[in-house]
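This report refers to the structure that appears directly beneath it.
Protein chains: 2
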Amino acid sequence: MALPETRSEQLARALEDDICAGRALPGMRLDEQVLAQRFGTSRTPVREALKMLAAQGFVEIRPRQGAVVVGLDVRQVLELFEIMAVLEGLCARLAARRMTPAERADLMAVHAECQRLAAAGDPDVYYAMNTRFHEVIYAGSHNRQLEEETRRVRNRLSPYRRNQLHQLGRVAKSVQEHDDVVRALLEGDPDRAESLMRRHIGIQGDGLSDFVSNMSTPQAVSNPPPALAGTLGRPTIVQ
Amino acid sequence: MALPETRSEQLARALEDDICAGRALPGMRLDEQVLAQRFGTSRTPVREALKMLAAQGFVEIRPRQGAVVVGLDVRQVLELFEIMAVLEGLCARLAARRMTPAERADLMAVHAECQRLAAAGDPDVYYAMNTRFHEVIYAGSHNRQLEEETRRVRNRLSPYRRNQLHQLGRVAKSVQEHDDVVRALLEGDPDRAESLMRRHIGIQGDGLSDFVSNMSTPQAVSNPPPALAGTLGRPTIVQ
DNA sequence: ATTGTGCGTCTTGCATGCATGAAGAGGACT
DNA sequence: AGTCCTCTTCATGCATGCAAGACGCACAAT
Chain V
37 MALPETRSEQ LARALEDDIC AGRALPGMRL DEQVLAQRFG TSRTPVREAL KMLAAQGFVE
97 IRPRQGAVVV GLDVRQVLEL FEIMAVLEGL CARLAARRMT PAERADLMAV HAECQRLAAA
157 GDPDVYYAMN TRFHEVIYAG SHNRQLEEET RRVRNRLSPY RRNQLHQLGR VAKSVQEHDD
217 VVRALLEGDP DRAESLMRRH IGIQGDGLSD FVSNMSTPQA VSNPPPALAG TLGRPTIVQ
Chain W
37 MALPETRSEQ LARALEDDIC AGRALPGMRL DEQVLAQRFG TSRTPVREAL KMLAAQGFVE
97 IRPRQGAVVV GLDVRQVLEL FEIMAVLEGL CARLAARRMT PAERADLMAV HAECQRLAAA
157 GDPDVYYAMN TRFHEVIYAG SHNRQLEEET RRVRNRLSPY RRNQLHQLGR VAKSVQEHDD
217 VVRALLEGDP DRAESLMRRH IGIQGDGLSD FVSNMSTPQA VSNPPPALAG TLGRPTIVQ
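Going line by line, the protein sequences match chains V and W. Just so we're aligned, residue 37 is where the first sequence starts under this note's numbering, counting upward by one. Just so we're aligned, residue 37 is where the second sequence starts under this note's numbering, counting upward by one.
Listed below in structure tokens is the structure:
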């Protein structure tokens, strides 16, 4: 069954992964030849992969000037968070109505695991389980398009979220908010589930200023509006 | 200033336009060579354009089997409408808080024009102005990412919306709903604006059954899950 | 010292060539 | 007759080649 995957798709996934995982930092130049050599192919599939990533907003291709990992400034990140909040909110709303008993059990299990890891204290380990928690809810929406869309926005934001949980008390707060969401979901209350999830994702009140001040951690070369992107945070040549 | 546009970008825009405008119907085969000839280029930029469109969900590329315009089945269309509703809802919410006086004036002008055209009676003419109405609200959100995202989903749905307004009384209803939204926007009531917009976009109650029964108008070759897509609505070879 | 000009180098954008794998036609066999 | 198999044909996936545009540097002029 395993449908054959073309090189360009493999490359696109690999590069997207590099970006999401923070191995390719915003502003980093993606040289076609270098990538081609790195992956042992010609430039053609590399170019196709870059085009795909560009179409999804992960990289920016300036004609005749090559591709760089998109660097979002504070404003753009906040914009994406606004989107993320409603998408995840919709996931929760739909999940409240549509999750099967098996999915509900799954949710509870993952949530319990989250609680356990939160108590354990390592934010990075918690982060992984936190991701799974949200994934369960995406799936629970029974809306594939929404699932993909939400995941895509999440991935675009991921370089900027890594450190979010390292703030003091953030993990505990996160898991508490999860708890509220889970309750609403299991009670089948779509309105409350949506509203709670939106609050959970949205950066509000203190969270906002905390986030903004901690942001620009991944050397965010602001690039699109000002035609600089190479003046201050000089596009590091990728290995 | 006019930044140079590469062939592949031109092609991508042209093809997306063909799809949105219904000139390229769902299920239609997009032959690389034919397109290359049609646009007077080699296959390379055509391939890159197709990859971009694939990354955005407009076409589907099955390895070694070429690209086809994505055909959405009823379920997928409804899924996208669910997304669309919250995205447009968010636009309205943000617009209610953020629109400048000039933008508000713009909104009123376009709305008035909508009312005029609705009374005039031609659904297709109204459709164009209706699009502008929504665009004004996208812009009013002052959230570029949201604007693009919403427009993208809208475009994906456009082949399936064309006939929606041809239903008896739909135009009148649409313009009435606009009126409610406008009122909430101008009063600066984000909650109401969002909620009204969600209802406006969402297909609910009668709207749903009406829509579903009228759907599958563009010969929607359901393709992704079942590996057929070529059995019933045989991929028409594009000119 | 700073700014403007010209050249050289390099990367990108696109064209072309070739091999692999898929769809279809035709025939043999059940 | 229907089914399976083989062979042919052809489109796709990828590699390579080539020209144009961008960047950097040196040098000259102010």
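Glycine residues also receive a C-beta, built at the ideal position from the N, C-alpha and C atoms.
Item	Value
Relative to the alpha-carbon of Leu222(V), which residue among Leu51(V), Arg100(V) and Arg140(V) has its alpha-carbon at the smallest distance?	Arg140(V)
Could you work out which residue in Val105(W), Met144(W) and Thr42(W) is closest to Thr80(W) when comparing CA atoms only?	Thr42(W)
On the three-state DSSP scale, how would you describe Val172(W)?	helix
Alpha carbon to alpha carbon, what distance is there between Arg74(V) and Glu124(W)?	42 Å
Taking only runs that begin and end inside the stretch 45-76 of chain V, name each unbroken alpha helix (DSSP H) of 4 or more residues, in chain order.	68-75
Return the CA-CA distance between Gln92(W) and Leu116(V), expressed in angstroms with no decimal places.	17 Å
Can you list, in chain order, the stretches of the alpha helix (DSSP H) that have 4 or more residues and sit fully within the stretch 199-233 of chain V?	206-222
For Met88(W), return the contacting residues in chain V, with the cut-off set at a CB-CB distance below 8 Å.	Lys87, Met88, Ala90 and Ala91
In the DSSP assignment, what residue or residues form a beta bridge with Ala103(W)?	Leu66(W) and Ile97(W)
Take Ile119(V) as the anchor and find which of Val82(V), Leu244(V) and Gly238(V) has the nearest alpha-carbon.	Gly238(V)
In terms of residues, what are the limits of the alpha helix (DSSP H) holding Ile119(W)?	Val110 to Arg134
Roughly how many angstroms separate the alpha carbons of Arg228(V) and Arg129(V), rounded to a whole number?	8 Å
Is the CB of Asn179(W) under 8 Å away from at least one CB in chain V?	yes
If you follow the alpha helix (DSSP H) that Pro137(V) is in, where does it begin and where does it stop?	Pro137 to Ala156
Cβ of Ile119(V) less than 8 Å from any chain W Cβ?	yes
What residues in its chain sit with their C-beta under 7 Å from that of Arg15(W), if we drop five residues either side in the sequence?	As shown, chain W starts at 37 and ends at 275. That puts residue 15(W) outside it, with no answer to give.
Between which residues of its own chain and Arg134(V) is the CB-CB distance below 6 Å, once the five residues before and five after are set aside?	His178
Would you kindly work out how many angstroms separate the C-alpha atoms of Leu47(W) and His147(V), rounded to a whole number?	47 Å
I'd like to know whether the C-beta of Thr42(V) is nearer than 8 Å to at least one C-beta of chain W.	yes
Which bits of chain W does Glu68(V) rub up against, with CB to CB less than 9 Å?	Under the 9 Å cutoff, chain W gives no residues; its nearest Cβ is about 13 Å from Glu68(V).
Listing by chain order, which chain V residues have their CB less than 8 Å from the CB of Leu116(W)?	Gln181
Applying the criterion that 16 or more other CB atoms from any shown protein chain within 10 Å of the CB defines a buried residue, is Ser78(V) buried or exposed?	exposed
By how many angstroms is the C-alpha of Glu52(W) removed from the C-alpha of Thr253(V)?	In this prediction, Thr253(V) has a pLDDT of 48, which is less than 50 and means its spatial position is unreliable; nothing more can be read from the coordinates.
Note down, in chain order, every chain V residue with its Cβ under 8 Å from the Cβ of Val122(W).	Val122, Leu123, Gly125 and Leu126
Does Glu185(V) have its Cβ less than 8 Å from a Cβ in chain W?	yes
What residues in its chain sit with their C-beta under 6 Å from that of Glu213(W), if we drop five residues either side in the sequence?	His236
Once you ignore the five residues that flank Ala208(W) on each side, which residues in its own chain have a CB closer than 8 Å to its CB?	Ala154
For a contact meaning CB atoms closer than 7 Å, what does Glu139(V) contact in chain W?	The contacting residues do not exist; Glu139(V) stays about 17 Å from chain W at best.
Name, going along the chain, the residues of the stretch 94-118 of chain W whose beta-carbon falls closer than 7 Å to a beta-carbon of chain V.	Pro99, Gln112, Glu115, Leu116 and Glu118
Looking at Leu114(W) and Leu86(W), is the spacing between their C-beta atoms short of 8 Å?	no
Restricting to Cα atoms, I'd like to know which of Gly157(V), Tyr163(V) and Arg168(V) is closest to Leu143(V).	Arg168(V)
Listing by chain order, which chain V residues have their CB less than 8 Å from the CB of Arg83(W)?	Glu84
Would you check if the distance between the CB atom of Pro195(W) and the CB atom of Ile55(W) is smaller than 8 Å?	yes
Tell me the DSSP secondary structure of His178(W) in three-state form.	coil
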